[in-house]
Ligand code: HEM
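In the working numbering, the protein residues as written are 112 to 258.
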């Protein structure tokens, strides 16, 4: 098992980064969709179209990418023995927070689909900064490995 993982390590790392990009792209797009969605009248044809677009982004990009990034990331960590390293603990904390943000976004999308619009456009635009900041910290942690 370890030998196979070592042989495939760079391929796995490439796949990890490809799906990180897909996941991040989805995380950046969704709150933008929400802002445009909230400009439509509840129950209108446009409202329905945004519900459909958000559903597709969730099912085709966001959820599969989250699962693949986690599975491959944990396999990489197992292979290099990262579970005992400080940088990895900090990264794990950050990716758990990012996964929480993902979960919050999915639940807000479901609320919008029910006609509940609880957040202002400004708050949604502010929330949009979360994945960018988290990605910057995560990348510094994995590349520099400061501790
Ligand atoms: C979701 C859970 C995740 C886990 C368990 C995980 C784990 C790992 C591990 C163990 C490595 C190998 C590090 C090495 O070879 O030195 C790695 C590489 C990497 N990860 Fe993740 N990762 C996750 C999510 C993310 C996310 C969300 C990002 C960016 C936003 C990210 C960015 C990177 C980068 C840039 C590398 C390449 C580092 C290098 O080759 O030096 N990862 N990841």
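Idealized CB from N, CA, C, for every residue including glycine.
Everything numeric in this text was worked out from a predicted model, so none of it was measured.
CB-CB under 7 Å to residue i, same chain, minus the five flanking residues each way: which ones, in chain order?
i, result
"residue 258", "197, 198"
"residue 193", "199"
"residue 177", "134, 210, 213"
"residue 127", "180, 183, 184, 187"
"residue 164", "144"
"residue 228", "149"
"residue 115", "none"
Give the single residue among the options whose Cα lies nearest to the Cα of residue i.
i, options, result
"residue 223", "179, 151, 249", "151"
"residue 253", "113, 210, 124", "124"
"residue 148", "256, 248, 225", "225"
"residue 202", "247, 234, 116", "247"
"residue 113", "122, 191, 251", "191"
"residue 204", "153, 245, 115, 231", "245"
"residue 195", "167, 234, 256, 207", "256"
"residue 267", "237, 242, 166", "Past the edges of the chain, shown from 112 to 258, lies residue 267, and the structure says nothing about it."
"residue 221", "234, 119, 168, 206", "168"
Counting only the same chain and skipping the five closest in sequence on each side, list residues whose C-beta sits under 6 Å from that of residue i.
i, result
"residue 131", "180"
"residue 216", "141"
"residue 232", "146"
Beta carbon of residue i: closer than 7 Å to some heavy atom of the ligand MG?
i, result
"residue 127", "Among the ligands in the structure shown, the ligand MG does not appear; only the ligand HEM can be found there."
Apart from the five residues on each side of it in sequence, which residues of its chain come closer than 8 Å, Cβ to Cβ, to residue i?
i, result
"residue 143", "239"
| query | How do the segment 129-144 and the segment 169-179 stand: do at least 3 beta-carbon pairs fall below 8 Å, yes or no? | reply | yes
| message | For the segment 182-190 against the segment 151-166, do three or more pairs of beta-carbon atoms, one drawn from each stretch, fall closer than 8 Å, so that the two count as touching? | response | no
| field | Runs of alpha helix (DSSP H) wholly within the segment 193-246 (minimum 4 residues, chain order) | value | 197-224, 232-238
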